[in-house]
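For reference, the structure discussed in these notes is given below.
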Amino acid sequence: MAKARRRRRKLSMTSLIDVIFLLLLFFMLTSTFSKFSEVELSAAGSGAILPSDSPPLFLQLEPDSLRLNGEDLTLTDLVASSLVKVDQGTVLLISLGNAVNAQRLTDLLVALRGLPKLHVTVLGT
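Its first residue numbered 20, the sequence shown is counted upward by one per residue in this note's numbering.
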């Protein structure tokens, strides 16, 4: 006796697509996305800066060090330094070292955002 050949049925992709869509929807609704903070930068122009009676401060940013007028600091010590007691409109000049990356500069600018009396200028290289 010959075996009866079974006919193969075509595989339906509709249910697979539905499952993938439901998984995609689930993961999209349960995911959390972190919001990145923004650092405002403005281009230096020939406009006049309101003069302050106090002399400008000089901050040297290196990959592994930070010096304010020659004194070594860390980013955490910055908000407790003499920058807190400056007059409104005091100019802070930031000099970048050779190997300073963008993340290090951004960390510094975020820390300086807490000191609104300063007029921060980043010097180009």
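We put the beta carbon where it would ideally sit given N, CA and C, even for glycine.
query                                                                                                                                                                         : result
Quick check: P75 and L112, are their CB atoms within less than 9 Å of each other?                                                                                             : yes
Along the alpha helix (DSSP H) that carries Q122, what are the first and last residues, could you check?                                                                      : 121 to 131
Label L42 either buried or exposed according to how many other C-beta atoms from any shown protein chain fall within 10 Å of its C-beta, with 16 as the threshold for buried. : exposed
Using DSSP bridges, identify the partner residues of L134.                                                                                                                    : The partner list for L134 (beta bridge, DSSP) is empty, contrary to what the question assumes.
Got a sec, what are the start and stop residues for the beta strand (DSSP E) S114 sits in?                                                                                    : 109 to 115
For a quick check, are the C-beta atoms of L80 and S100 less than 9 Å apart?                                                                                                  : no
Take the Cβ of L30 as the centre, count every other Cβ of all protein chains shown within 10 Å, and call the residue buried at 16 or more, exposed below.                     : exposed
With a threshold of 16 other CB atoms inside 10 Å of the CB of T109, please say whether the residue is buried or exposed.                                                     : buried
With 16 other CB atoms within 10 Å as the buried threshold, where does L78 fall?                                                                                              : buried
Taking the C-alpha atoms as reference points, what is the distance between D96 and E59?                                                                                       : 22 Å
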